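Take a look at the structure set out below.
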Amino acid sequence: MTVSGKKQTMGFEVPGLTVEENGHNFHIPQKGPSTEDTTTAASDVLETVSKSPLPSHIMQAAEEQSSAPTPVKRSSKLRQQLDVKAELENRQGGKQLLNLVVIGHVDAGKSTLMGHMLYLLGNVNKRTMHKYEQESKKAGKASFAYAWVLDETGEERERGVTMDVGMTKFETKTKVITLMDAPGHKDFIPNMITGAAQADVAVLVVDASTGEFEAGFETGGQTREHGLLVRSLGVTQLAVAVNKMDQEGDVAFVPTSGLSGENLITRSQSGELMKWYKGLCLLEQIDSFKPPQRSIDKPFRLCVSDVFKGRILIIKSLLSCFTDQGSGFCVTGKIEAGYVQIGDRLLAMPPNETCTVKGITLHDEPVDWAAAGDHVSLTLVGMDIIKINVGCVFCGPRDPIKACTRFRARILIFNIEIPITKGFPVLLHYQTVSEPAVIKRLISVLNKNTGEVTKKKPKLLTKGQNALVELQTQRPIALELYKDFKELGRFMLRYSGSTIAAGVVTEIKE
Ligand code: GDP
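Taken in order, the sequence shown gives residues 0 to 509; the numbers are from numbering that gives the first Met the number 0.
Here is the structure:
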């Protein structure tokens, strides 16, 4: 369950027994005198076995030990006296035993989640937790403090000392749970299978954070693989823990059924759903979204998403052949900043052409003006339709948007497999445009949190990094600096059908 994935969590103790598991020998010290003959030791083992809920592989190991050359005197008397059913009911304060495996992709947070739970349940005392916090901070891994609750047992086992059963056991209202650990890394699938084979039930930890969720499902991702594995190994009950929700600030999860209409416009009345969901229905959730701050005070900007001639305009333009007056055309798009009124002069970039607004429609209704946030159609005159493409930006002629082919940007690289090098070809997605571009220069690698330069002129950029780069597009595009216009300063980079980075414009070159 750790990044290193070296540990196995199988919390059982059998005195006098060496258990080999996944290549590690765990010797459990004998309680009796060392001179005790093997027969007695073996029968002790069997006795312990008969009283403990041991997993099958340990039972087998114990039986192998007992089949020494001297015939084993089985304590049949003791066995007959034991009413296992009744004993089972009374054992552990009447609580049933359940073996739980925690599965999921590497770094999904399995150790942290279970470590934190054990701490909250009081299985780790405050002083020990404080020690983990201090030590993990010192090691520069403060975020792993809770994971260390489980990691310590891992270390102990690697050193071959007795396992601390208490660490991996916890109690619920009606059950005593034995927690089994499953390393998330794909190299540790065999260990995970061992854990899962002994489990009755499983908790699948899914990382909800952007990029990581996807990584868990893509080729080599263990979210899917672990799910399938535990099912194939006979685990039929599964709880999905959606983790790292603290990073999903404004994300609401709403269970719905498109087919039955459940929880769409009225809250669900279904008993099954109400058992675990008390939140809003989808319509209520949509209603509770807060509208964003619109940049109404800033200069006018509209990104063109469509260019067309309406039916009336086509007839008019046919007539205009005779009258020689431009009948105009329509553009649609979202007003990102400022506002527009009928009669305004507008400049289109990159073509650098001006026109006049003849009409405005909002939701198919003619209006006299429209402002930031509105999705409108503008009827324009005095400009040739040929000059205008999807991706052009209309702006006020006094505060024009800049057009360029070269700009600098801070990018956050996603989960990429091929590192980004100088000359890397990408598709730049910006507003309504998608334009071929290349990463012309790798300027520096930046610290994700502080933005400080950690490396100048890197040779390559890898997944998860923050970097300053220079991009060159094939054709000019109209851009804004992120610091001036947040909405118009963001873009995405794609390569070979997948999104590889998100970026913000920091400098416009030419
Ligand atoms: P495992 O490989 O699945 O056992 O994952 P770990 O428990 O070792 O956690 C991997 C990283 O994710 C660590 O840096 C944790 O601090 C971090 N992490 C775990 N759970 C959460 C969470 O709920 N929120 C956030 N933000 N980070 C988490």
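Even glycine gets a Cβ: it sits at the ideal position worked out from N, Cα and C. Keep in mind it's a predicted model, so treat the numbers as computed, not measured.
Straight-line Cα distance separating residue j from residue i
i: Phe169; j: Lys125; result: 17 Å
i: Asp206; j: Tyr338; result: 42 Å
i: Ala501; j: Arg493; result: 9 Å
i: Ile382; j: Phe299; result: Note that residue 382 is Met in the sequence shown here, rather than Ile. Whole-angstrom Cα-Cα distance: 18 Å.
i: Leu411; j: Val229; result: 35 Å
i: Leu441; j: Ile341; result: 45 Å
i: Val175; j: Gln268; result: 34 Å
i: Lys522; j: Ala138; result: Lying outside 0 to 509, the shown extent of the chain, residue 522 is not represented and no answer is given.
i: Met491; j: Ile499; result: 8 Å
i: Tyr131; j: Val101; result: 22 Å
i: His129; j: Ala201; result: 29 Å
i: Glu506; j: Ser256; result: 47 Å
i: Gly450; j: Glu247; result: 22 Å
i: Asp483; j: Asp106; result: 37 Å
i: Ala519; j: Ile192; result: Here the chain covers residues 0 to 509 and nothing more, so residue 519 does not appear.
i: Val437; j: Gln464; result: 18 Å
i: Ala369; j: Val356; result: 12 Å
i: Ala408; j: Ile384; result: 32 Å
i: Thr453; j: Lys462; result: 16 Å
Buried versus exposed call for residue i [16 or more other C-beta atoms within 10 Å across all chains shown]
i: His104; result: buried
i: Arg397; result: exposed
i: Met244; result: exposed
i: Gln221; result: buried
i: Asp363; result: exposed
i: Val83; result: exposed
i: Phe328; result: buried
i: Val140; result: Per the sequence shown, the amino acid found at residue 140 is Lys instead of Val. Exposed, because fewer than 16 other Cβ atoms sit within 10 Å of the Cβ of Lys140.
i: Ala347; result: buried
i: Thr167; result: buried
Contacting residues, own chain, Cβ-Cβ under 8 Å from residue i (five flanking each side not counted)
i: Thr173; result: Lys94 and Gln95
i: Ile476; result: Pro349, Gly390, Ala402, Cys403, Thr404, Leu427, Tyr429, Val432 and Glu434
i: Ile264; result: Cys280, Leu281 and Leu282
i: Leu272; result: Pro254, Glu261 and Asn262
i: Glu509; result: Cys403, Thr404 and Arg405
Residue i beta carbon near the ligand GDP (any heavy atom closer than 7 Å)
i: Leu203; result: no
i: Thr111; result: yes
i: Gln513; result: The displayed coordinates of the chain run from 0 to 509. Any statement about residue 513 would go beyond what the structure contains.
i: Asp106; result: yes
i: Asn242; result: yes
i: Gly463; result: no
i: Ser495; result: no
i: Phe413; result: no
i: Ala195; result: no
i: Phe252; result: no
Chain-order list of residues whose beta-carbon lies under 6 Å from that of residue i (same chain, five-residue window excluded)
i: Ser497; result: none
i: Gln284; result: Ala251 and Val253
i: Glu352; result: Met382 and Lys386
Minimum Cβ-Cβ distance from residue i to chain B less than 8 Å
i: Leu478; result: Note that chain B does not occur in the displayed structure, where there is just one protein chain.
Residues near residue i in its chain [Cβ-Cβ closer than 7 Å; skip 5 each side]
i: Ser135; result: Ala141, Phe143, Ala144 and Trp147
Hey, is the region 296-307 in contact with the region 382-398, meaning 3+ C-beta pairs nearer than 8 Å?
Result yes; three or more Cβ-Cβ pairs closer than 8 Å.
Quick check: the region 367-375 against the region 421-439, are there 3 or more CB pairs under 8 Å?
These segments do not touch.
Mind the definition here: the region 114-125 touches the region 135-152 only if three or more C-beta pairs lie below 8 Å; say whether that holds.
Yes: at least three Cβ pairs fall under 8 Å.
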